[in-house]
Amino acid sequence: MSKYEPFWKYIKDNQKAKYQIPYEEIRNILGFDIDHSFLKYKKELLEYGYEVVKISIKEKYVLIQKIESGI
2 MSKYEPFWKY IKDNQKAKYQ IPYEEIRNIL GFDIDHSFLK YKKELLEYGY EVVKISIKEK
62 YVLIQKIESG I
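Okay, so the sequence shown: first residue is 2 according to this note's numbering, each after it adds one.
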């Protein structure tokens, strides 16, 4: 189990088309701050039907979007 799995499940369970989530909210969900390893683990989100579109270090948020199926 990935250390980010609770965050991925939160995204999937809420079923929004797009999320702009502040770092603070992510910390509240996970119980820890995201770190550099987030760049490695973000590909796991694809399994949940979402992708990380942007990580803003300056404004401290992550932009996540539902993947549109081409079918």
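Where is the CB? At the ideal position from N, CA and C, for every residue including glycine.
These numbers come from a predicted model, not from an experiment.
#1: When DSSP labels each residue in this structure, what does ILE58 get in the three-state scheme?
#2: With respect to the alpha helix (DSSP H) encompassing TYR24, which residues constitute its N-terminal and C-terminal limits?
#3: I'd like the list of long-range same chain contacts for GLY50, defined as Cβ closer than 8 Å, with 5 residues on each side in sequence excluded.
#4: Looking only at its chain, what residues have a beta carbon closer than 8 Å to the beta carbon of PRO23, apart from the 5 residues adjacent to it on each side?
#5: DSSP on GLU69, reduced to helix/strand/coil?
Let me lay it out:
#1: Position 57 of the sequence shown holds residue 58. ILE58: coil per DSSP, three-state reduction.
#2: In the sequence shown, residue 24 corresponds to position 23, counting from 1. 24 to 31 is the extent of the alpha helix (DSSP H) around TYR24.
#3: In the sequence shown, residue 50 corresponds to position 49, counting from 1. Cβ neighbours of GLY50 beyond the five flanking positions: LYS13, LYS67, ILE68.
#4: Taking the sequence shown and counting its residues from 1, one reaches residue 23 at position 22. Here the set comprises LYS61, TYR62.
#5: As a position in the sequence shown, residue 69 is number 68, starting the count at 1. Residue state, collapsed to three classes: coil.
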